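A quick write-up on the structure given underneath.
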Amino acid sequence: MEFIPRSEEEMELRRGAWTAEEDLVLMNYIALHGEGRWSSLSRRAGLRRTGKSCRLRWLNYLRPDVRRGNITPEEQLLILELHSRWGNRWSKIAQYLPGRTDNEIKNYWRTRVQKHAKHLHCDVHSKQFKDVLRHLWIPRLVERIQATSGDSPAVASAGAETPTTFGGPVNAIPELAQVKMSPESSSTGGWSSVDSFGLDFSPPPVSNDFGAGMHGGEDISGVDGVTGCWSECGYSDLGLPDFDQSIWEEELWSMEDTWLQQQF
DNA sequence: AAGAATAGCAACCGCCTTGCA
DNA sequence: GTGCAAGGCGGTTGCTATTCT
481 MEFIPRSEEE MELRRGAWTA EEDLVLMNYI ALHGEGRWSS LSRRAGLRRT
531 GKSCRLRWLN YLRPDVRRGN ITPEEQLLIL ELHSRWGNRW SKIAQYLPGR
581 TDNEIKNYWR TRVQKHAKHL HCDVHSKQFK DVLRHLWIPR LVERIQATSG
631 DSPAVASAGA ETPTTFGGPV NAIPELAQVK MSPESSSTGG WSSVDSFGLD
681 FSPPPVSNDF GAGMHGGEDI SGVDGVTGCW SECGYSDLGL PDFDQSIWEE
731 ELWSMEDTWL QQQF
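Once you know that position 234 of the first sequence is 714 in our numbering, the rest is easy, because the numbers rise by one and skip nothing.
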């Protein structure tokens, strides 16, 4: 169907990629006036964009606390677990990964996790794939986290008697959701609960929005939203190795193939 | 070296919810 | 209670960079 603009204003609306100039205008405006109502903000700032477009650009790209770059093993673990609980509730999942946007998590899921499922010729929601996650992917992630966090004895391990948190980097960041092994799961090898992988979470400890205390319907106003700025927390200086995703994925895939052959 | 295929991600779309008059 | 505008969210699209043939 042909798009017929109903007004001059609509005709002038810009779409597609944002220019550096537009970014600057939006950032400057928000720095001076705050977020406010997006539709009027767009007009007042002199941007020929919809309010929605401005909001999206700010939240997903321009916000100073947006983290970019590889999803760390800790974050992958959180995503896998939280997705097993809530499904495609990306914004809810994003609350537990400060600095990551729902869009980024959604993209990660679609490009990495679904790719895995496709490779294994199964659906991401199938029991088969969930088993692969539970028995192979997650334990491997835990191993990686252990390996990169050095000599932490508190790292999740099969057979641990009490809930333990991942040591090293994760513990170094109080703002990051604490991933804990539950006693039930640890007694059965770590990852055996039916609906989730047996991890325990603290409530979302940090707000990654700037101003509004409500996020996704849950009141998280008790936290200092502005100091949620990730770089200020030192996360960028954690020295997490930039582990080579492709190499470890290949390794994982061959393990998965072997494992699946044994299981099915 | 060039074209095709694929992956990754930014941005848009449309539906639903919320707040307000 | 109703209608409207705006915001929020999940799904989808399309562009660009990278890899493969």
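Every residue gets a Cβ at the ideal spot worked out from N, C-alpha and C, and that includes glycine. The structure displayed is predicted, hence computed values, not measured ones.
With distances taken from CA atoms, which of the options is nearest residue i?
i, options, result
"Leu452", "His615, Arg528, Arg580, Leu577", "Look at the range of the chain in this structure, 481 to 744, and you will see that residue 452 is not part of it."
"Asn568", "Gln594, Tyr541, Asn540", "Gln594"
"Asp582", "Arg565, Val604, His601, Ile559", "Ile559"
"Lys499", "Ile510, Ala627, Arg537", "First, the amino acid is wrong: residue 499 is Thr here, not Lys. Per the Cα distances, Arg537."
"Lys532", "Ile618, Glu584, Arg495", "Arg495"
"Glu588", "Leu621, Ala497, Asn550, Ser519", "Reading the sequence as shown, one finds Tyr at residue 588 and not Glu. Closest by alpha carbon: Asn550."
"Arg614", "Ser564, Cys534, Glu584, Leu539", "Ser564"
Taking all protein chains shown into account, do 16 or more other C-beta atoms lie within 10 angstroms of the C-beta of residue i, making it buried, or fewer, making it exposed?
i, result
"His601", "exposed"
"Leu512", "exposed"
"Leu504", "exposed"
"Trp566", "exposed"
"Ser522", "buried"
"Ser606", "exposed"
"Arg517", "exposed"
"Ala497", "exposed"
"Glu502", "buried"
"Arg548", "exposed"
"Arg590", "exposed"
"Thr644", "Reliability of the predicted coordinates at Thr644 is poor, the pLDDT of 34 falling under 50, and the value obtained from them is presented with this limitation in mind. With 16 or more Cβ atoms within 10 Å of its Cβ, Thr644 is classed as buried."
"Glu664", "Low confidence applies to Glu664: its pLDDT is 36, below 50, so where it sits in the model is not reliable, and the reading given next is rough at best. It is exposed - the Cβ of Glu664 has fewer than 16 other Cβ atoms within 10 Å."
"Lys660", "Interpretation of Lys660 is limited by its pLDDT of 42, a score under 50 that renders its predicted location unreliable; no figure is taken from the coordinates."
Counting only the same chain and skipping the five closest in sequence on each side, list residues whose C-beta sits under 7 angstroms from that of residue i.
i, result
"Leu562", "Ile573, Tyr576"
"Asp603", "Ala597, Phe609"
"Gly719", "The predicted position of Gly719 is uncertain, since its pLDDT is 31 and thus under 50; a value taken from the coordinates is nonetheless stated next. Contacts found: none."
"Trp570", "Asp582, Ile585, Lys586"
"Leu621", "Pro553, Gln556, Leu557"
To the nearest whole angstrom, what separates the beta carbons of residue i and residue j, a pair I think is in contact under 8 angstroms?
i, j, result
"Asp545", "Gly579", "5 angstroms"
"Asn506", "Leu542", "A small fix is needed here, since residue 506 is Leu in this sequence, not Asn. That belief holds up - the Cβ atoms of Leu506 and Leu542 are roughly 6 angstroms apart, short of 8 angstroms."
Between which residues of its own chain and residue i is the CB-CB distance below 6 angstroms, once the five residues before and five after are set aside?
i, result
"Arg624", "Pro553"
"Met509", "Per the sequence shown, the amino acid found at residue 509 is Tyr instead of Met. Hits under 6 angstroms: Ala525."
"Arg535", "Trp518"
Suppose the cutoff is 8 angstroms on Cβ atoms and the five residues either side in sequence are ignored; what does the same chain contact list for residue i look like?
i, result
"Glu555", "Leu577, Arg580"
"Ser520", "Gly531"
"Asn540", "Val546, Thr581, Asn583, Glu584"
My parser needs the alpha helix (DSSP H) runs of 4 or more residues fully inside the segment 484-543; what are they? The segment 484-543 contains these whole alpha helix (DSSP H) runs: 488-492, 500-513, 518-524, 531-537.
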